[in-house]
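Protein sequence lines correspond, in order, to chains A and B.
First residue of the first sequence: 1, per my numbering; consecutive thereafter.
First residue of the second sequence: 357, per my numbering; consecutive thereafter.
Beta carbons: idealized from backbone N, C-alpha and C, even for Gly.
Every value quoted in this text rests on a predicted model; they were computed, and no experiment measured them.
Please read the structure below before turning to the comments.
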Amino acid sequence: MKNFLAIILLAVIITSCNNGNSDNKSEAKDSKVSSITAAGATFPLPFYNIAFENYTKKTDILVTYGGIGSGGGIRSLKDKVVDFGATDAFLDAKQEAEMPAQILHIPTCIGAVVIAFNLTGITDLKLSNENLSDIFMGKITKWNDAKLVASNPGTKLPNVNITLVHRSDGSGTTYIFSDYMSKISKVWESTLGRGKSINWTVGMGAKGNPGVAGTIQQTVGTIGYIGSEFAFAQKISYAKIQNSAGNFIEPNLASISAAAQGDIPADTKVMLTNSSDAKAYPISGFTWLILYKEQNYNGRSKAQAEETVKVLSWMIEKDAQTLAEEVNYAKLPAMAVTKAKEILKTVVYDGTPLIK
Amino acid sequence: MKWNVEKTTKTLLFAASLVIIIIASGMVLSLMNGSIPAFKEFGLKFIISTEWNPTEGNEHYGALPFIVGTILTSVIAIIICIPLAFSTSLFISELYRGTKVASIIGTMVDMLAGIPSIVYGLWGFYVLRPWIIDLGFNSQGYGIFTAGLILAIMVIPYATSISTEIMLMVSNDLKEAAYSLGATRREVIFNVLIPNARSGIFTSFILAFGRALGETMAVTMLIGNANIIPKGIFDTGNTMASIIANQFGEADGLKLSSLIAIGLLLFVMTGLINGLGKFIIKKL
């Protein structure tokens, strides 16, 4: 018994000594920047994973990105536990006021939301604005509803109940989708509104893009919205959506990119949904990285701030943008890249710009 | 210096128990602290309101749909669990006591307990759900019933292994005495074994129910996650644990506080049920 206790005590002492040692070591290393931490949106996660992995290979600086959701990304930046955050919906004036200091938005790529469905033998479906909002508000409940048949001549729609699948978790995908729906339907705007999660009155929820896609693929008669990057990588049917010019547009990288051809404000904070471009897929949107304008906070070194800005600059340049297309996101149009570069030039450390 | 072993042991044990108390009370405190904004905004209506509306400007949060969903799924689970777990433990501990068959079944039950929640969820998603659709209960296979069914399978091992242990503990002298008086096996089981093991068996079901209340992942994958009060057991719904798991990531402000408040309610509910279990056991 005595020996046993002695051993335990010894073990405790040894482990506590070890901890002390390793702590000291990691502190010593910190004078040279070896890692950058970021967290946030899951919508662009496949792009960020591949991009940061490539960046780490290229520069030996470990960029760690946690896909914890836009809300989590904003919270982490607010708590100053990450070097930069990521969000699918830009921060509104109220959210920005709640942050401890001024923050900047850097768009990184364009994603879209596709309307996926599962009907045996049918791959081609056109959805007018009215039909889309009626389905998602539960007003059209059968696939062979006269309104759907009328806008899909030549397609034999079955007498099957429509099962609506939406996201059960808060998500940027839902934000982009509900923002678009609010733009095309006044009733939607005044009842369901826009948000990362909304008060669904019909249908069922599934967690994440994989959850929604899985449910749709497994169940005949379902319809739901999925992030395009996820849908493109799956064998899943998605609908052509009517844009503001009245054309039915199939979502693909070209039509998504077309959504950002219009004018972009200097701070890039704009929702691209319902673009006026005749070729644009209407349910598209930017996703952003966010960081503090003044990088000297929480005792961060200047080197750390410089490396942070370097990562962000790299993200909007050609190498990273090519990677974005590889994982099914549309790249930023030239105008957006120019604006993003201008924004990065305003990032300062102790008031001095980090990029000349 | 002479080392006082007794004293050191006592100190170590005391420190370990103290840590438990600190962690438990810290959790309650932070849950209470986090839920203050929600209760300030909605008061006790938070518990009885059925609206869960996260739309900005119209924010309103009520926990009733999730409380109903949690209780419904757990009750379905325990109703299915009781006969199965009870028979299995009777089989292992009495009818086939000490045989190879009993030990194999016992091991299998323990194995069921070791399967991670997410695996049950996947199995439910790919195997159980299509069955529910084929049987024609509803068109997509999700819902309160599907979730309750998977919960039942998940809690059976807990109820079974505790019940088995308790039944094994019933003294052989008592049973032999009954046999010697000419009692049949059935009579021994119902007049000697069960009355003696009653409180233990009951505890095992209370513990199983408590587990069903808090189970998250598998339920989230199968319940359909509709934030409304279910219209029937084949309708979709949501539970307290799964709304937290679903919406915590993107929540902030009042919504975050409401989710924490649901966490607190779940904590209190589980506590009450365990307390109720203890109370009934004393009475029995």
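Just tell me which of the options has its CA closest to the CA of residue i.
| i | options | result |
| --- | --- | --- |
| A/A93 | A/E342, A/R300, A/D267, A/W314 | A/D267 |
| A/L197 | B/E415, B/S386, B/L400 | Sequence check: residue 197 of chain A is Ser here, not Leu. Here the closest residue by C-alpha is B/E415. |
| A/A86 | A/N328, A/S171, A/I256 | A/S171 |
| A/M181 | A/P353, A/T273, A/A231, A/T141 | A/T273 |
| A/E130 | A/T59, A/G221, A/S185, A/I115 | A/S185 |
| B/T502 | B/A380, B/D466, B/E407, B/Y482 | B/Y482 |
| B/D490 | A/I140, A/W188, A/Q218 | A/Q218 |
| B/L468 | B/T516, B/R453, B/G504 | B/T516 |
| B/V544 | B/S555, B/N528, B/G556, B/T559 | B/N528 |
| B/I404 | B/I474, B/G418, B/L478 | B/G418 |
If I measure Cβ to Cβ from residue i and keep anything under 7 Å in the same chain, skipping five residues before and after, which residues do I get?
| i | result |
| --- | --- |
| A/A366 | Shown here, chain A extends from 1 to 356; a query on residue 366 of chain A therefore has no answer. |
| B/A582 | T592, G593, N594 |
| A/F136 | L164, M181 |
| B/V511 | A433, C437, A564, R567, A568 |
| B/I448 | A458, I461, G462, T520 |
Counting only beta-carbon atoms, is residue i nearer than 9 Å to chain B?
| i | result |
| --- | --- |
| A/S434 | Residue 434 of chain A cannot be examined here, being either before or after the span of chain A that is shown, 1 to 356. |
| A/S168 | yes |
| A/W200 | yes |
| A/S197 | yes |
| A/M99 | no |
| A/T42 | yes |
| A/G111 | no |
| A/Q218 | yes |
| A/N161 | yes |
| A/I176 | no |
| A/G138 | no |
| A/A206 | yes |
| A/G85 | no |
| A/I68 | yes |
| A/G440 | Because residue 440 of chain A is not part of the residues shown, which for chain A are 1 to 356, the question remains open. |
| A/I115 | no |
| A/E203 | Correcting the residue identity first, residue 203 of chain A is Gly in this sequence and not Glu. Closer than 9 Å to some Cβ of chain B, the Cβ of A/G203 qualifies, so yes. |
| A/G193 | yes |
| A/G224 | no |
Can you tell me which of the three DSSP states residue i falls into?
| i | result |
| --- | --- |
| A/E294 | strand |
| B/I636 | helix |
| B/L578 | helix |
| A/G154 | coil |
| A/S128 | coil |
| A/I110 | strand |
| A/P46 | helix |
| A/G40 | strand |
| A/F90 | coil |
| A/K142 | strand |
| A/G285 | strand |
| B/P410 | coil |
| B/N389 | helix |
| B/Y476 | helix |
| A/L10 | Low per-residue confidence applies at A/L10: pLDDT is 48, beneath 50, and the placement is therefore not dependable enough to give any value. |
| B/R567 | helix |
| A/Y175 | helix |
| B/Y417 | strand |
| A/R167 | strand |
| B/I584 | coil |
| A/I355 | coil |
| A/S35 | strand |
| A/A278 | coil |
| B/F447 | helix |
| A/N161 | strand |
Indicate whether at least one CB of chain A lies closer than 9 Å to the CB of residue i.
| i | result |
| --- | --- |
| B/R485 | yes |
| B/P410 | yes |
| B/N389 | no |
| B/A607 | yes |
| B/G470 | no |
| B/A582 | yes |
| B/E407 | yes |
| B/S310 | The structure shown does not extend to residue 310 of chain B, since chain B is modelled only from 357 to 640, so the question has no answer here. |
| B/I489 | yes |
| B/M577 | yes |
Here's a check: name, in chain order, each residue in its chain whose Cβ is nearer than 8 Å to the Cβ of residue i, leaving out the five neighbours to either side.
| i | result |
| --- | --- |
| A/T322 | K331 |
| A/T346 | L104, K293, P353 |
| B/N547 | A534, A539 |
Is the shortest distance between the beta-carbon of residue i and the beta-carbons of chain D less than 9 Å?
| i | result |
| --- | --- |
| A/G351 | Looking at the structure shown, chain D is missing, and the protein chains on hand are A and B. |
Note down, one range per segment and in chain order, each beta strand (DSSP E) of at least 3 residues found wholly within the region 509-556 of chain B. none
Ignoring anything shorter than 3 residues or poking outside the region 185-272 of chain A, list the beta strand (DSSP E) runs there in chain order. 204-206, 222-227, 240-242
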